[in-house]
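Let me begin by presenting the structure, written as structure tokens, before commenting on it.
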Amino acid sequence: MLAAMFSGRHTLCQDPDKGYVFVDRDGKHFRHILNWLRDGVVPSLQDSEYSELLREAEYFQLLGLMDGIKASLNKRKEEEEMGTELTRIDIIKCIQSERVRFRGINLSGLDLSKLDLSFVDFSYACLKNVFFSRANLQCAKFKDVDAEGSIFHNATLRECEFTGANLRGALLAGANLQSANLQDACLIDCSFCGADLRSAHLQTADLTNANLEGANLEGANLKGAKLNNANLKGANLQRAYLRHVNLRDTDLEGARLDGANLLGAIR
3 MLAAMFSGRH
13 TLCQDPDKGY
23 VFVDRDGKHF
33 RHILNWLRDG
43 VVPSLQDSEY
53 SELLREAEYF
63 QLLGLMDGIK
73 ASLNKRKEEE
83 EMGTELTRID
93 IIKCIQSERV
103 RFRGINLSGL
113 DLSKLDLSFV
123 DFSYACLKNV
133 FFSRANLQCA
143 KFKDVDAEGS
153 IFHNATLREC
163 EFTGANLRGA
173 LLAGANLQSA
183 NLQDACLIDC
193 SFCGADLRSA
203 HLQTADLTNA
213 NLEGANLEGA
223 NLKGAKLNNA
233 NLKGANLQRA
243 YLRHVNLRDT
253 DLEGARLDGA
263 NLLGAIR
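Reading the sequence shown from the start, the letters are residues 3 to 269 in our numbering.
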């Protein structure tokens, strides 16, 4: 972004004495740009706000943000055609009950962010592109769900069951997945940046192209997991179970492997 600003293509308002550069843009939208630069997450906004933010992204030549906004708008359009069976209001009414089950229900595209959905049973449900950001999903069941492209950014997922789940392309950055069961799950292209996966069960999970940079996998069980082209830069793998795991195409730069079981691992 700074390279684009000072490339000579833009007119800069600069203080001749102190060298300060004044950026004459909308401050309301600039906070979204700063947040995106920090964590790479495109904010959830109204369509009109997306249009305004897109103009700002074009001004600063942030190609990644531009692509993210366009993808969000396209996803929203697709969601309107998905035939979701319940609304956010319906969900809020349902979770007042003691035992909540959404087994096999199509909830694709819903915004369920910040809700208390702990212990809810979503098994076999269609959860494509659902927005679970910052939701409390502790001990929730996601057995065999189709949650492709869903967002679990900063969600609480402690002790959740994701066995056999399809989470391809899901965003789980900053999520708490301590002791979660992700056995046999499809985690291709998932982002687990900074996620807490301590003591998580990842046996035979497919983590191809997954981004686990800075994730905490202390004591996690990765027996039989696929880690082709996975990014584990700076990850904590202390006391993790990695026996017979193929790490040849895995980026382990700066990863901590103290006490990890690497017997038979291919490196």
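Backbone N, C-alpha and C define an ideal beta-carbon position, used for all residues, glycine too.
- S99 sits in coil when the DSSP states are folded into three classes, being neither helix nor strand.
- For L234 and Q180, the gap between their C-alpha atoms comes out near 17 Å.
- Contact annotation, D118 with N138: C-beta distance approximately 5 Å; criterion of less than 8 Å satisfied.
- In the structure shown, E80 adopts helical secondary structure according to DSSP, grouped into three states.
- With respect to the C-alpha of E161, the residue from G171, N183 and N168 having the closest C-alpha is N183.
- From the listed residues E60, N231 and R170, the smallest Cα separation to I35 is found for E60.
- DSSP places F62 in no alpha helix (DSSP H); its state is neither H nor E.
- Bounds of the alpha helix (DSSP H) holding L39 are G29 to D41.
- Secondary structure at E87: coil, using DSSP grouped into helix, strand and coil.
- In this structure, the CA atom of G216 is about 5 Å from the CA atom of G236.
- The shortest CA-to-CA distance from G261 to any of N248, A172, S125 and A222 is the one to A222.
- Relative to K72, the option among R90, K30 and D49 whose CA is nearest is D49.
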